[in-house]
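Some notes on the structure that comes next.
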Amino acid sequence: MPPVAAKITLKYWPRPLGCRAVLTTQARALISTNLASSLPDGFCLALAPDFIPRLCAVTWRGERALEVALSE
2 MPPVAAKITL KYWPRPLGCR AVLTTQARAL ISTNLASSLP DGFCLALAPD FIPRLCAVTW
62 RGERALEVAL SE
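The opening position of the sequence shown corresponds to residue 2 in my numbering, with each subsequent residue numbered one higher.
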């Protein structure tokens, strides 16, 4: 699956952060963002085209990318 537009929503942040993400399975996604090292271990991720927010937990963290497990 190619990368799609995505939005990261943080609990105490006033607006969503834009990024790119690839849904690797129904329960996992790889996120590309310059803020990878600054993000908390849990947040909401919304993927295009519907942008429905899903809770997620970071399972791997790189310099400019994250892998997350998505909750249903």
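Cβ coordinates follow ideal geometry from the N, Cα and C atoms, glycine included.
Handout entry: Segment limits, beta strand (DSSP E) that includes Ala47
Key = Gly43 to Leu48
Problem - Cutoff 8 Å; reference Ala58; Cβ partners in own chain excluding five residues on either side - result: Asp42, Gly43, Val69, Ala70 and Ser72
Problem - Pair within 8 Å by beta-carbon distance, Leu11 and Ala66 - result: no
Exercise for the section: Indicate whether at least one CB of chain D lies closer than 8 Å to the CB of Glu73. Expected result: Annotation note: the requested chain D is absent from the structure, which comprises a single protein chain.
Exercise for the section: For Ile53, count neighbouring C-beta atoms within 10 Å of its own C-beta (all shown protein chains included) and say buried if the count is 16 or more, exposed if not. Expected result: exposed
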